[in-house]
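Protein sequence lines correspond, in order, to chains A and B. Take the position in the first sequence, starting the count at 1, then add 7; the result is the number in my numbering. Take the position in the second sequence, starting the count at 1, then add 225; the result is the number in my numbering. Below is one structure; the comments refer to it alone.
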Amino acid sequence: MKKTGKRCQRLVDEGRRSFLRGSAASVGTIAAATILQTKKVEASNFPSNKLANVKDLKTNVPLDINYPDEDSPGVLLKLGSKVEGGVGPDGDIVAYSVLCPHKGYPLNYNDADKVFNCPGHYSVFDAEKGGLQVWGQATQNLPQFKLKVSSGGDIFAEGVDELIYGRLSNVL
Amino acid sequence: MAYKRNINKLPIIPKGAKKHNVVCNYCIVGCGYHAYTWNVGADGTTTNNIFGENLSVQQGADSDAWYSPSMWNIVKQNGKDVNIVIKPDKNCVVNSGLGSPRGARQGELNYSQSTSTQLQRLTDPLVYRYGQLQPTSWDDAIGLVADVTKAVIDDQGEDGLFVSAFDHGGAGGGYENTWGTGKLYLESMKIKNIRIHNRPAYNSEVHGTRDMGVGELNYCYEDTELADTIVSVGANSLETQTNVYLNHWVPNMRGTSMDKKKKQLPGEDHAPARMIFVDPRRTVTINSAEAEAGKENVMHLAINSGTDLALFNAWMTYIDSKGWVDKDFIKASTMDYDKMVKGNKTSLSEAAKITGLTTKQIQQSAEWIAKPKGNKRRRTCFVYEKGLIWGNDNYRTNCSLTNVAAATGNIGRPGGGCCRMGGHQEGYFRPADGFIWEGNPAKPPYVDKLLIEGKGGVHHVWACDHYKTTLNAHEFKRVYKKRTDIVKDAMNEVPHGDRKALVKAIMGAIKKGGLFSVDVDIIKADIAEAAHVILPAATSGEMNLTSMNGERRMRLTERYMDPPGQALPDCIIASKLGEAMGFSGYGWKTEEDAFMDGYHNGTGKIVTYDRLRAMGNNGVQEPVIDYKDGKLVGVKRLYADGKFDRHGKDHKKLIFKVSKWRGLQAPGKEAQKKKFKYLINNGRANHVWQNAYLDRKNQFVTDRWPYPFIEMNPSDMKNIGVSEGDLVEVFNDDGSTQAMVYPTPTAKKKETFMLFAYPTGVVGNVVNDGVNEVIIPNYKQTWANIRKLANKPSGVNHVSFKSKEYKI
């Protein structure tokens, strides 16, 4: 979770410019991910992208992914207990955008509370409650990626339920 | 599941979209925004848009070329559907492009028949007819109000007319509308039984500082970037004055305002800010300050609730004993210093006993406030809000804090100030009101109490909702319903078309203890359940509106859309009512007419709409003293010359005040504390503006807070036998209300905190009627018992009860 992907360096730099102390040192949840497979989901114009396989996930360890394209960082997360909207054999796999919908700072995952924290303006989003903003400055809850799991355990993202920060169309 | 809008795309603002100056119409901070409007279907493209940016690529953090779905809507402009985006203004010095979770929803909080937002807005005058509120014409509604009001005045004199009216800026206020209502009630009439939106009388919440000669908004926000120490008393500013905190305090904590300090204040040492928070509760503000400044630079003085005054007097005593005061300033600009020091003498150990702090904490905080840095005075900025204003012994506590600020030379100086943080924006311009408390300068009529006692015959309510935002609310509602029902029953006996008979029946009911209630508002407030006439008002952006913020920054919000239906600006409604009652001096056609009649004519004829518009979202800081080279000229901070005038005394000296500790001052508080187990501290939450009058119909907010939360220590929850999300009843001898349990390990045992003024659970129900000597309520020191009502309702299953604190 502390790796920084080159493609999103601009976001991180923006964050660093504004945040010279305290939480600033820990920004960056974003890492490169390989989009293995892309096809459009007909009705919504969203691509159906394979993110990973169920067996690639470790419980409560977020896996960096990008969706709907490589410039939109997110994480895939196996929470360890079933949640509404969760997929996979245990109903506990979710995926979210990790750009804070307030000002676009990259969120950090806190595995003790299972929340995403924003180093910019202290917002907190609950990974177990559909990205509900527990507290914070955004005017929307955290965009969640809609997932589907194939019989072989491949996890596909097929949509987003809120507007991702920094784009006026989720699919650019 | 959390509420999601499922909006995957927004219309792009085209080049040439109309751009309007907008100041957020909610809180005191007054963040600058722009409202962009353009015809539906005439959208910009990813390559051809108002930003001149390529929007087919991901935008970076803090981008000016992004807006959220909450900022967008489709509204009517001159009768035609237009897209609107209301986004924060990056060039506004107040917020530098930041939007709060309240202000950044202004777009979707507009009335829209296209997107079905805020369809709760009132569109037509309504009168009680055939047992229901029915739409009618302005002439009919105003005519009935005028006829009944005149009849009551004929019978009871002007003391029979009771008025509840906003006195602030922003939505439900502003210079135009305070003047309109003020001219009607304080000039054309001389109404004594008048009160303000959040308190039961017509009075200042900061009478103490004013009597000392110090206006409560004396600094500029930049002072919080320059201060060595910021002292925050009873203010949870990250949640309630969000962008002052984020855009001005945080840079000082981070050290990113160091260049500004060195440049503006050369020749002295500078370091990032130290922070002192006086608050019985650990807030998210304190949490974030620790993250930014480091715990070693943050003191949280978690005093026993209501004991602020003892702490301040101990600071004063200790600071004086060390000689860390500004002797030159005291000599040149003040009086009664020695008398104050002697009268307020409080030792560290006395204060420790009262406040529950250690003597070391009090001593260290006094050092952070006043111990010189090298051979220079420390620059300390003092801010306070509802914890003090709506807390124990308001007047004296206000004086005690201002004593410390003044003695240390921190008023009128860079990096200083002793200011309230504020709730609404300000926007008060009215005729003289001294007659209200004639004969007893400190005591205006306690209006709610008089209404409960059966006084008055007609009640005009302007954008106030006593059912949610008053003390002793349980009893108030019970009596108010009863009294207004007497009138409704009488009205049911007469055909509406027979005005003469109707007024006669109403007057008969009033003689039997009835009350005729007129509600002027933008939505049907809870108190409007009792109304006989409802008049629909326009709000900010549907009319041009001027206000000033917490650093006295005056701006014009430009009208960007049509009001719903027949709704009108409050000042125009006041004008209509004034004319219908036979008064002269009205006949305003526009809100600008009201502005010119009041503010312009009464303040040296300098400020006009055109001049303000040209000043944009940075406006001008009041008082406006000149118009020069095409610009309005204001004043950056007050009292830089050491002359203090807020008390109205000719000597222009700051008067130090003796303000001794006297325990829990308001009647009934001490007994309530003894009898009931839990402190029901109360206040605001980040998502919610005021009493949720718009937010109650905003799904983003109601999804987060279906019921008001009550933060409780887990051991208290165990004792009561409740889990997260359970509904509890909060009850005492004054009333009862309900809330949703929010486990909060950082809460002190037996000290809860409940969301204030929420529609689905009104904390005012359990706040007793005790007030101070100037009729200021004490909402904060409230005690009650708590019992379980029900397991978590199904509408709460999706809600998160995790810690609100940011963790690194």
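Every residue, glycine too, gets a C-beta built ideally from N, C-alpha and C.
Hey, out of the options, whose CA is closest to residue i's CA?
i         : options                                       : result
B:Val-883 : B:Leu-889, B:Tyr-834, B:Asp-392 and B:Thr-622 : B:Thr-622
B:Gly-775 : B:Asp-951, B:Tyr-355 and B:Tyr-444            : B:Tyr-444
B:Asn-264 : B:Met-786, B:Asn-423 and B:Lys-556            : B:Met-786
A:Gly-143 : A:Ala-59, A:Cys-125, A:Ser-157 and A:Lys-57   : A:Cys-125
B:Tyr-918 : B:Gln-343, B:Tyr-228, B:Ala-290 and B:Gly-433 : B:Gln-343
B:Ala-227 : B:Val-966, B:Pro-931, B:Asp-951 and B:Asn-993 : B:Pro-931
A:Val-94  : A:Phe-163, A:Glu-169 and A:Asp-133            : A:Phe-163
B:Arg-435 : B:Ala-631, B:Lys-240, B:Met-524 and B:Lys-487 : B:Ala-631
A:Gly-166 : B:Thr-969, B:Asn-231 and B:Met-773            : B:Asn-231
B:Gly-804 : B:Tyr-292, B:Asp-364 and B:Arg-604            : Rather than Gly, the amino acid found at residue 804 of chain B in this sequence is Glu. Of the candidates B:Tyr-292, B:Asp-364 and B:Arg-604, the one whose C-alpha sits nearest the C-alpha of B:Glu-804 is B:Asp-364.
B:Asn-316 : B:Cys-256, B:Gly-733 and B:Arg-1012           : B:Cys-256
B:Gly-433 : B:Ser-574, B:Leu-534, B:Thr-927 and B:Ala-972 : B:Leu-534
Can you tell me where the beta strand (DSSP E) holding residue i begins and where it ends?
i         : result
B:Gly-568 : Unbroken run through B:Gly-568 is the alpha helix (DSSP H), 562-568; no beta strand (DSSP E).
B:Pro-360 : 357-360
B:Thr-962 : 960-968
B:Met-937 : 934-937
B:Glu-976 : 976-980
B:Gln-381 : Where B:Gln-381 is concerned, there is no enclosing beta strand (DSSP E), although the alpha helix (DSSP H) it sits in stretches over 363-381.
B:Leu-837 : Element bounds for B:Leu-837: not the beta strand (DSSP E) but the alpha helix (DSSP H), 834-840.
Please list the terminal residues of the continuous alpha helix (DSSP H) segment that includes residue i.
i         : result
B:Asn-619 : 619-632
B:Trp-404 : 400-407
B:Gly-803 : 795-805
B:Gly-257 : Note, B:Gly-257: premise wrong, no alpha helix (DSSP H); beta strand (DSSP E) at 257-264.
B:Ile-579 : 573-580
B:Ser-590 : 584-595
B:Gly-733 : 724-736
Give the residues of chain A in contact with residue i, contact being defined as C-beta atoms less than 7 Å apart.
i         : result
B:Leu-471 : His-128
B:Ala-227 : Lys-136, Gly-137, Gly-138, Leu-139 and Asn-148
Please list the partners that residue i has in chain B, where partner means a Cβ-to-Cβ separation under 7 Å.
i         : result
A:Val-101 : Correct list: empty, because the minimum Cβ distance to chain B is about 11 Å.
A:Val-167 : Asn-233
A:Gly-95  : In chain order: nothing, as chain B lies at least about 17 Å away.
A:Asn-117 : Lys-1032
Report buried or exposed for residue i, applying the criterion of at least 16 other Cβ atoms within 10 angstroms of its Cβ.
i          : result
B:Lys-567  : exposed
B:Gly-328  : buried
B:Phe-981  : buried
A:Val-34   : The pLDDT assigned to A:Val-34 is 37, lower than 50, so where the model puts this residue is not dependable; a value taken from the coordinates is nonetheless given after this. With 16 or more other Cβ atoms within 10 Å, it is buried.
B:Asn-665  : exposed
B:Lys-814  : exposed
B:Asn-600  : exposed
B:Gln-357  : exposed
B:Glu-663  : exposed
B:Lys-1029 : buried
B:Thr-270  : exposed
B:Pro-1122 : The shown model of chain B, from 226 to 1033, leaves out residue 1122 of chain B, and the question about it has no answer.
B:Asn-273  : exposed
A:His-128  : buried
B:Phe-934  : buried
Can you look up residue i in the DSSP assignment and give me helix, strand or coil?
i          : result
B:Glu-954  : strand
B:Trp-474  : helix
B:Leu-526  : strand
A:Gln-144  : coil
B:Val-712  : helix
B:Gly-1020 : helix
B:Glu-517  : helix
A:Phe-132  : strand
B:Ile-748  : strand
B:Glu-441  : coil
B:Gln-489  : helix
B:Ala-1009 : strand
B:Leu-536  : helix
A:Gln-44   : Confidence is the limiting factor: at A:Gln-44 the pLDDT is only 47, short of 50, which leaves the residue's position unreliable and the question unanswerable from this model.
Residues of chain A with CB under 9 Å from residue i, in chain order?
i         : result
B:Leu-280 : Arg-174, Leu-175, Ser-176 and Leu-179
B:Thr-467 : His-128 and Gln-144
Whose Cβ in chain B lies nearer than 9 Å to the Cβ of residue i?
i         : result
A:Val-122 : Ser-1025, Lys-1027, Ser-1028 and Lys-1032
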